[in-house]
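J.: Letter by letter, the sequence shown follows residues -18 to 839 in the working numbering. Here a beta-carbon is modelled for each residue, glycine too, at the ideal position from N, C-alpha and C. I'd like to ask you about the structure that follows.
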Amino acid sequence: MVPEHDRPDAPEVQGYDFRRLQERWLPVWDELQPFRSGDPADTRPRKYVLDMFPYPSGDLHMGHAEAYALGDVIARYWRLQGFNVLHPIGWDSFGLPAENAAIKRGIDPRKWTYDNIDQQKQSMRRYATSFDWDRVLHTSDPEYYKWNQWLFLEMFKKGLAYRKDSWVNWDPVDQTVLANEQVLPDGTSERSGAVVVKRKKTQWYLRITDYADRLLDDLNQLEGSWPSKVISMQRNWIGRSRGADVDFVIEGRADKVTVFTTRPDTLYGVTFMVVAPDSDLAAELVAGADPEVRMAFQDYLEQVQKSTEIERQDATRDKTGVPLGRFAINPVNGERIPIWTADYVLADYGHGAVMAVPAHDQRDLDFARAFGLPVRVVLDTNAPVTGAVPVLELDENGQAILPDELPPLDPAATGKALVGDGRMINSGPLDGLSKSNAIKKIIEQLEAAGTGRAAKTYRLRDWLISRQRYWGTPIPIIHGENGELIPVPDDQLPVLLPPTDGLDLQPRGQSPLGAAEDWVTVTNPVDGTPARRDPDTMDTFVDSSWYFLRFLSPNDDSRAFDPREADKWAPVDQYVGGVTHAILHLLYARFITKVLFDLGYVSFTEPFSALLNQGMVLMDGSAMSKSKGNLVRLSDQLDEHGVDAVRLTMAFAGPPEDDIDWADVSPAGSAKFLARAWRLAGDVTSSPEIEWKTGDVALRRQTHRFLAEAPGLIESFKFNVVVARLMELVNATRKTIDSGPGGGDAAVREATEVIAVGLSLFAPYTAEDMWATLGYAPSVAQALWRKADPALLIEESVTAVVQVDGKVRDRLTVSPKIDSAELERLARASAAVIRSIGDQPVTGVIVRAPRLVNITTR
């Protein structure tokens, strides 16, 4: 209810004061809780709007201000459209930043984390975001991470969670492993910024590669509702390649080596094999070699381990490698080919080995030339392919000028690999075939001979989830005396983090939990023998991969989420967040959703039906930072200009996906506009029961055009245009009040009420105060968007602009139904146009009835 002293009939406090409005309405909203969404009797259609939840690393900043202002516009809009809107909030509260901050300050990560959450929560309330405060979660709560552990065990039972010894990305500063997705393109850690190195460790993985095809193909469902940039980034990261797996016999080895290639047609051009130096295969092949070979290999391996994966893939680097003293047999021609190791082959691509075709692959050619290895051409790129028409220059008589000679087919001499189409040569039964036909035929031959098969490979790698740090979800696995892996029984979940008392949280390359003897030492639940807990914790992207489901029943102690609630609300109708999560978070959430679908817990396969990415908030063209001296504090802006002015500025600055330079916008100007709009409500003297149809027709037309146009603009995220239309409507309403009819005109009340409802999307405090002044009970957020009157959308006249040689010479008031011929006649008859043309001949006339006539002269 409205406080007694703030009733609409109470004496008006003069002047627009954002502080007074914030103090007035925040406690009212706390009492009313207008954004609750859990009433089972609510029969309205549902919408689920979700903002990417924040990390509690301090108070809210300018980036938060933009993201939550934009997400709130969408949530409030759908409420005005009559939907029951679920708009929850929580905190992504596990992770390294909190742990590192706590270590630096000598405090428990819990205290650091929850103190920041309290601070951010108060700031969010002040910022008037329309969250359902009954649905709040913190991923570091045992009530949440219990279900991380449950999900892990469900995947473990299905073989989707597994442990293996492999080379991993190692952050030398944070002393923990990283998933491939957490290594930036320059080879540094997205966590600490340190150059990532490789280490061999036994780690936990989730089999995301089992879902690679579905993750790729299901992106088609999201076309048009996700930004095309994000879809392209996901496709590129998954990186599906089609080709063949080819089995090579290794002399002196029982098992064959399988090599993936996208060009099986070039098998007759294979002259050597290359294996990754950090692969198990390389270590095995060199194990029985001469001491000199083993020593050379070990020296080379140590050299490679100092390089980043990005450096190893740099095509411009000089090629390095060493021979392993072993030979493979080419399955199509029986040739004996040497095996080398080189750093341009990666252990986790394909099978960690490649067949080298130097004539037709530039990396292989560079390597062959560096070490004097054979180069054999098997594709004549000068031979025409059926359907290909060569483009030749013509002489002055129209005759084709034939080249003196075709490009040489000698990559060993030219240093340029032969790529592209052509016809096969030096390839036995494939000779004369085009590349595409040769690929098809060689795969058929390999399959018939049992030496190969059609295959696919991916850039995507399994998701490495174990971390050697304290502040995360403990992995719910017990290690038995004989190395067996035993799931923690469901009735013993959650496996709680131990207190930090006596623990050294400093990063030292292994989890601090391993030193908590009372915690790590347990009894094997199967046979009662001594056992130990797994000391690692989970990657925090596990936490955020399914949190949108926990919001559906955040206080349910019996399950991760209620499937019936998921059927009601999910998937998320509109997701809002930064493009920085275009690969990591979104890919993992899509994967876990598909896993839960396969396990029968949800009925959908994509978590987020629509996605909006907001840009960054910059200052003077650069990202804000203390070191640059361009940091703008959100709290300072709120204190100076008010919440509504900052929110309105964020929406008005431009398209949501564009960056905002705070130096180029004007929250002070937004505050002036809000004061102008707010004064309208005080100038309205008619009662809410007045008959609107008796009011000023011109103002009513503009009001109803806004009502008709704004929904489409909002749904296409053109928030800045909606704000501009509101500004126009405010000006028109003020003009109507000041020019005659005054505040008692019915159209003035109608327009002001529509302005209040429209402003509630962007400036809740101002809108709520206007709504109360107009005589309505709070909250304006629970009003309904009025339908535009079709009769008022029909224009009786429009303004046609007449230009001569690109300059406006006249404006004509004409019927919106005027035809082109009549509009041209009126334009030519205009005295201003006649004077402008003078004696010059008219060379052209463009008519766009009913709005434009453009006359050009010589």
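Let me check understanding here. Comparing Cα to Cα, which of V557, T630, R514 and R244 lies closest to G464?
T.: If we check each option's Cα against that of G464, R514 comes out closest.
J.: Go ahead and label G315 buried or exposed: buried means 16 or more other beta carbons lie within 10 angstroms of its beta carbon, across all protein chains shown.
T.: With fewer than 16 Cβ atoms within 10 Å of its Cβ, G315 is classed as exposed.
J.: Give me the Cα-Cα distance between N161 and F75, rounded to the nearest whole angstrom.
T.: Cα to Cα, N161 sits roughly 20 Å from F75.
J.: Looking only at its chain, what residues have a beta carbon closer than 7 Å to the beta carbon of R571, apart from the 5 residues adjacent to it on each side?
T.: For R571, where only same-chain residues beyond five positions count, the Cβ hits under 7 Å are L196, E587 and P588.
J.: Which residue spans inside the segment 555 to 625 form an unbroken alpha helix (DSSP H) run of at least 4?
T.: DSSP runs (the alpha helix (DSSP H)) wholly in the segment 555 to 625: 565 to 579 and 615 to 622.
J.: With a cut-off of 8 Å, do at least 3 Cβ pairs link the segment 755 to 764 to the segment 781 to 789?
T.: The segment 755 to 764 vs the segment 781 to 789: no contact.
J.: Is A277 closer than 9 Å to V238 when the C-beta atoms are compared?
T.: Cβ atoms of V238 and A277: not closer than 9 Å.
J.: Please return the same chain residues whose Cβ sits closer than 6 Å to the Cβ of F(-1), not counting the five positions on each side in sequence.
T.: Counting only Cβ-Cβ distances below 6 Å, and skipping sequence neighbours, we find G623.
J.: So, does the segment 29 to 49 touch the segment 98 to 116, judging by three or more C-beta pairs under 8 Å?
T.: Segments in contact, yes.
J.: Over the uninterrupted beta strand (DSSP E) stretch that includes F241, give me the two end residues.
T.: Per DSSP, F241 belongs to the beta strand (DSSP E) from V238 to T242.
J.: Is it buried or exposed for T24, if we count other Cβ within 10 angstroms and need 16 for buried?
T.: Counting Cβ neighbours within 10 Å, T24 comes out exposed, since fewer than 16 surround it.
J.: Who are the Cβ neighbours of A243 in its own chain at under 6 Å, not counting the five residues just before and after it?
T.: Strictly speaking, residue 243 in this sequence is Thr, with Ala absent from that position. Taken in chain order, the residues that qualify are S222 and G224.
J.: Could you name each continuous alpha helix (DSSP H) segment of 4 residues or more that falls completely within the segment 788 to 834, going from the start of the chain to the end?
T.: With a minimum length of 4 residues, the continuous alpha helix (DSSP H) runs that stay inside the segment 788 to 834 are 801 to 810 and 812 to 818.
J.: Please name the residue or residues paired with G908 in a DSSP beta bridge.
T.: Residue 908 is absent from the structure shown; the chain starts at -18 and stops at 839.
J.: I need the DSSP call for Y(-3), collapsed to helix, strand or coil.
T.: Looking at Y(-3) - three-state DSSP - the assignment turns out to be coil, as it is neither helix nor strand.
J.: What is the DSSP secondary structure of T301, reduced to helix, strand or coil?
T.: Coil at T301, not helix or strand.
J.: Establish whether the CB of N712 and some CB of chain D are separated by less than 9 Å.
T.: Of the chains in the structure shown, none is chain D; there is only one protein chain.
J.: Whole alpha helix (DSSP H) runs in the segment 690 to 726 with 4 or more residues, listed along the chain?
T.: Taking only runs of at least 4 residues, the alpha helix (DSSP H) segments lying wholly in the segment 690 to 726 are 700 to 720.
J.: For V826, count the other beta carbons within 10 Å of its own beta carbon; 16 or more makes it buried, fewer makes it exposed. Which is it?
T.: Classification of V826: exposed, given that the 10 Å Cβ count is below 16.
J.: Tell me the rounded alpha-carbon separation between S157 and K181.
T.: The residue you asked about is not Ser; residue 157 is Thr in the sequence shown. One C-alpha to the other measures close to 12 Å.
J.: Between the segment 709 to 720 and the segment 647 to 661, do at least 3 Cβ pairs fall closer than 8 Å?
T.: Yes, since at least three Cβ pairs between the segment 709 to 720 and the segment 647 to 661 fall closer than 8 Å, the two stretches touch.
J.: Let me confirm a value: E204 is counted as buried when at least 16 other C-beta atoms fall within 10 Å, else exposed. Which label applies?
T.: Classification for E204: exposed.
J.: Going by the DSSP bridge assignment, what does L118 pair with across the sheet?
T.: DSSP lists G71 as partners of L118.
J.: Using the rule of at least 16 other Cβ atoms within 10 Å of the residue's Cβ for burial, across every protein chain shown, is K575 buried or exposed?
T.: Flag for K575 reads buried.
J.: With 16 other CB atoms within 10 Å as the buried threshold, where does A547 fall?
T.: Under this definition A547 is a buried residue.
J.: Can you name, in chain order, every residue of its own chain whose Cβ lies under 8 Å from the Cβ of P389, other than the five neighbours on each side?
T.: The answer, listed in chain order, is T395.
J.: Specify, as a first and last residue, the run of the alpha helix (DSSP H) that I219 falls within.
T.: Run containing I219: S209 to I219, per the alpha helix (DSSP H) assignment.
J.: Buried or exposed: which applies to T481, given that a residue is buried once 16 or more other Cβ atoms fall within 10 Å of its Cβ?
T.: With 16 or more other Cβ atoms within 10 Å, it is buried.
J.: Please list the terminal residues of the continuous alpha helix (DSSP H) segment that includes Y49.
T.: M43 to L61 is the extent of the alpha helix (DSSP H) around Y49.
J.: Nearest CA to the CA of Q487: which residue from A83, Q3, L13 and L31?
T.: With distances taken between Cα atoms, Q487 lies closest to A83.
J.: Going by C-alpha distance, which of I70, S38 and K127 is nearest I92?
T.: Note that residue 92 corresponds to Lys in the displayed sequence, not to Ile. Checked all of I70, S38 and K127; the closest Cα to K92 is S38.
J.: Does the beta-carbon distance from Y143 to Y186 come in below 9 Å?
T.: The answer is yes: Cβ separation under 9 Å.
J.: For the beta strand (DSSP E) containing R317, name the first residue and the last one.
T.: Element bounds for R317: R317 to A323.
J.: DSSP on R839, reduced to helix/strand/coil?
T.: It is coil, neither helix nor strand.
J.: Sort out for me which residues DSSP pairs K28 with in a bridge.
T.: Paired residue(s): V66.
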